[in-house]
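Under this note's numbering, the first residue of the sequence shown carries the number 115, and numbering increases by one thereafter.
No residue lacks a Cβ here, since even glycine has one placed at the ideal position from N, Cα and C.
The model shown is predicted, which means the values in this text are computed figures rather than measured ones.
Heads up: the structure comes next, in structure tokens.
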Amino acid sequence: MADDTDGTLFLTSEECAGLATPAEYVAAVREGYRQRGEGAPAALRTKLMNEEPPGMFTGYSAILPETGAMGGYMYAAGFGRQDAQFALPLFDAESGALLALLDGASFNPFKTGAAGATGVDALAREDATTLAVIGSGAQARGQLRATATVREFETVSIYSPTTDHRESFAASMNKELSASVAAVASSAAAVEDADVVITATNSSEPVFDGDVLEDGAHVTAMGQYDDVKHELDATTIERAKYVLDLRERVMDDAGSFINAVEEGVVSEDDVHGELGEVVAGEVPGRESDDEITVFDSGGTGIETVAAAYMLYEKAREQDLGTELEFALASEALTGE
Numbered sequence: 115m116a117d118d119t120d121g122t123l124f125l126t127s128e129e130c131a132g133l134a135t136p137a138e139y140v141a142a143v144r145e146g147y148r149q150r151g152e153g154a155p156a157a158l159r160t161k162l163m164n165e166e167p168p169g170m171f172t173g174y175s176a177i178l179p180e181t182g183a184m185g186g187y188m189y190a191a192g193f194g195r196q197d198a199q200f201a202l203p204l205f206d207a208e209s210g211a212l213l214a215l216l217d218g219a220s221f222n223p224f225k226t227g228a229a230g231a232t233g234v235d236a237l238a239r240e241d242a243t244t245l246a247v248i249g250s251g252a253q254a255r256g257q258l259r260a261t262a263t264v265r266e267f268e269t270v271s272i273y274s275p276t277t278d279h280r281e282s283f284a285a286s287m288n289k290e291l292s293a294s295v296a297a298v299a300s301s302a303a304a305v306e307d308a309d310v311v312i313t314a315t316n317s318s319e320p321v322f323d324g325d326v327l328e329d330g331a332h333v334t335a336m337g338q339y340d341d342v343k344h345e346l347d348a349t350t351i352e353r354a355k356y357v358l359d360l361r362e363r364v365m366d367d368a369g370s371f372i373n374a375v376e377e378g379v380v381s382e383d384d385v386h387g388e389l390g391e392v393v394a395g396e397v398p399g400r401e402s403d404d405e406i407t408v409f410d411s412g413g414t415g416i417e418t419v420a421a422a423y424m425l426y427e428k429a430r431e432q433d434l435g436t437e438l439e440f441a442l443a444s445e446a447l448t449g450e
């Protein structure tokens, strides 16, 4: 627990950037999911929609008792701005003190990537060497960097619809990773023979044909949290052992699973479990080399709080950030 004499530390997006390696993010997030698997509370994402001006206000939260932290994200999109800002309050889980306020934009792909990598580590074959990434944006970059820390990939195939995007992404990651990274001309070319597939897109429709998946493949889907959008087709969901971050999402915003239910190929009983339950050993993960597994990552307060607390500790050690003063309710909530 932090010293009660400490103020609230404000960390800018620039100060958060570069504070931790992808492997450190993965370690923190994996531990967060272990706690979730043993009962740590986490709330379903809340999306409040507004018609005029059009926009969405989003928030989600979690408590990680063993880490000693609680908090979550809040952000807005739309409302007349073609942009967004991410505010992350971080509280001490024992005292309730407001430890920090983070500008959460820069570390978003790192903590989200770490959640995906935790899924790969828990569910993919140990001998996985070939990786397919569908998408070429910031989230795809975060997923690839993190996932490369949990398996020794030899080849990585990149596909996104825009040729320049996939080629420049592949070229930059080829310099950064030990694996051979190359752009390919179709999602099918990326997915066939892949041991691990990551989808990180904004597509409303499936981005590959589930029949192309090899037996024994693992898929991490993280591009959508919308009941009417689905990166994965019903065939993929039907063939796979299906794991997600929060069970409550299943018929709320897990669009790929909802679509498969609507097509009649699965039911809610086909949810294998939460990622945290697998990490904690409460439910089995992969049980054979030829089964297909899916981790549906919609984004939760679990990875957010786990990563934020890790950054907070590092910032304290390096004397980063600006001290802010927040009044105690017992002193300020007087009505005077």
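Query raised in the report: Does the separation of the CB atoms of Ala236 and Gly399 fall below 9 Å?
Result: Yes, these two residues count as a Cβ contact at 9 Å.
Query - Beta-carbon contacts of Gly173 that lie in its chain and below 8 Å, excluding the five residues immediately before and after - result: Answer for Gly173: Arg159, Thr160, Gly186, Tyr187, Met188, Tyr189, listed in chain order.
Report task. Specify the secondary structure class of Glu240 as computed by DSSP and reduced to three states. Result -> The answer is coil: DSSP assigns Glu240 none of H, G, I, E or B.
Query raised in the report: Is it true that the stretch 345-356 meets the stretch 312-324, where meeting means three or more beta-carbon pairs spaced less than 8 Å apart?
Result: Yes, they touch.
Requested in this report: Quick one: residues in its chain with C-beta nearer than 7 Å to the C-beta of Ala374, no 5 flanking neighbours on either side, listed in chain order?
Outcome: Excluding positions up to five away in sequence, the list reads Ala348, Ile351, Glu352, Val380.
Query raised in the report: Measuring CA to CA, which of Glu319, Asp340, Ala302 is closest to Asp325?
Result: It is Ala302 whose Cα lies nearest to the Cα of Asp325.
Report task. Determine, using beta carbons only, whether Val295 and Val310 come nearer to each other than 9 Å. Result -> Against a cut-off of 9 Å, the Cβ pair of Val310 and Val295 comes out as no contact.
Query - Asp340 versus Gly210: straight-line alpha-carbon distance, rounded - result: The alpha-carbon atoms of Asp340 and Gly210 are separated by roughly 33 Å.
Query raised in the report: Are there 16 or more other CB atoms within 10 angstroms of the CB of Met365, so buried, or fewer, so exposed?
Result: Counting Cβ neighbours within 10 Å, Met365 comes out exposed, since fewer than 16 surround it.
Query raised in the report: Is DSSP giving Gln253 helix, strand or coil here?
Result: Here Gln253 sits in helix by DSSP.
Query raised in the report: Given that a residue counts as buried once 16 or more other Cβ atoms are within 10 Å of its Cβ, and exposed if not, what is Asp382?
Result: The residue asked about is misnamed: residue 382 is Glu in this sequence, not Asp. Glu382 is exposed by the Cβ-count criterion.
Query raised in the report: Does the pairing of the stretch 121-128 with the stretch 401-418 give three or more beta-carbon distances under 8 Å?
Result: Touching, no, given that fewer than three Cβ pairs across the two stretches are closer than 8 Å.
Query - Per-residue DSSP class, three states only, for Gln196 - result: Three-state DSSP puts Gln196 in a strand.
Query raised in the report: What are the complete alpha helix (DSSP H) segments, minimum 4 residues, inside the stretch 292-372?
Result: If we require 4 residues or more, the alpha helix (DSSP H) runs fully inside the stretch 292-372 come out as 301-305, 348-353.
Query raised in the report: Nearest-angstrom Cα distance between Leu447 and Ala441?
Result: Distance between the alpha carbons of Leu447 and Ala441 is about 9 Å.
**Report entry** When Thr263, Ala394, Gln196, Val247 are compared against Val298, the one with the closest alpha-carbon
**Finding:** If we check each option's Cα against that of Val298, Val247 comes out closest.
Query raised in the report: Using the beta-carbon count (16 or more within 10 Å), is Pro203 buried or exposed?
Result: Sixteen is the threshold: when 16 or more other Cβ atoms of the shown chains lie within 10 Å of the Cβ of Pro203, as they do, the residue is buried.
Report task. Using three-state DSSP, classify Ala191 as helix, strand or coil. Result -> Collapsing the DSSP output to three states places Ala191 in a strand.
Query raised in the report: Buried or exposed: which applies to Asn222, given that a residue is buried once 16 or more other Cβ atoms fall within 10 Å of its Cβ?
Result: Classification for Asn222: buried.
Query raised in the report: Which one or two residues does DSSP pair with Lys161 in a beta bridge?
Result: According to DSSP, which records beta bridges pairwise, Lys161 is partnered with Thr172.
Requested in this report: With DSSP collapsed to three states, give me the class of Glu437.
Outcome: Residue state, collapsed to three classes: strand.
Query raised in the report: Rounded to whole angstroms, how far is the Cβ of Ser127 from the Cβ of Ser220, which I believe are closer than 8 Å?
Result: With 8 Å as the limit, Ser127 and Ser220 qualify as a contact, their Cβ atoms being about 4 Å apart.
Query raised in the report: What residues in its chain sit with their C-beta under 7 Å from that of Met115, if we drop five residues either side in the sequence?
Result: Reliability of the predicted coordinates at Met115 is poor, the pLDDT of 46 falling under 50, and the value obtained from them is presented with this limitation in mind. Closer than 7 Å at Cβ, skipping near neighbours: Gly182, Asp206, Glu208, Ser209.
Requested in this report: Going by CA-CA distance only, name the one from Leu434, Glu268, Asp359, Glu431 that's closest to Arg144.
Outcome: Among Leu434, Glu268, Asp359, Glu431, the Cα nearest to that of Arg144 belongs to Asp359.
Query raised in the report: Should Gln257 go down as buried or exposed, given a rule of 16 or more other Cβ atoms within 10 Å for buried?
Result: Buried, because 16 or more other Cβ atoms sit within 10 Å of the Cβ of Gln257.
Query raised in the report: Which whole-angstrom value describes the C-beta separation of Glu388 and Arg150, a residue pair presumed to lie in contact below a C-beta threshold of 8 Å?
Result: Yes, Glu388 and Arg150 are in contact; Cβ-Cβ is about 7 Å, under 8 Å.
Query raised in the report: How should Thr276 be labelled, buried or exposed, when 16 other C-beta atoms within 10 angstroms of its C-beta is the threshold for buried?
Result: Within 10 angstroms of the beta-carbon of Thr276 lie fewer than 16 other beta-carbons, which makes it exposed.
Query raised in the report: Across which residues does DSSP place Phe409 in a beta bridge pair?
Result: In the DSSP output, where bridge partners are listed per residue, Phe409 has Thr334, Val357.
Query - Distance CB(Pro136)-CB(Phe224) smaller than 9 Å - result: In this structure, Pro136 sits near Phe224, with a CB-CB distance shorter than 9 Å.
Query - Met170 vs Leu178 beta-carbon contact at 9 Å - result: Not in contact: Met170 and Leu178 (Cβ atoms no closer than 9 Å).
Query raised in the report: Excluding the five sequence neighbours on either side, which residues of its own chain have a C-beta within less than 6 Å of the C-beta of Glu437, listed in chain order?
Result: If you ignore the 5 residues before and after Glu437, its C-beta comes within less than 6 Å of the C-beta of Gly121, all in its own chain and listed in chain order.
Query raised in the report: Helix, strand or coil: how does DSSP classify Ala201 here?
Result: Strand.
Query raised in the report: With distances taken between CB atoms, is the gap from Ala214 to Ala429 smaller than 9 Å?
Result: In this structure, Ala214 places its C-beta atom within 9 Å of the C-beta atom of Ala429.
Requested in this report: Have a look at the DSSP bridge pairing and note the partners of Ala156.
Outcome: Paired residue(s): Ala176.
Query raised in the report: In three-state DSSP terms, what is Ser127?
Result: Assigned with DSSP and collapsed to three states, Ser127 falls in helix.
Query raised in the report: What is the residue span of the beta strand (DSSP E) that Val380 lies within?
Result: Run containing Val380: none; DSSP gives neither H nor E here.
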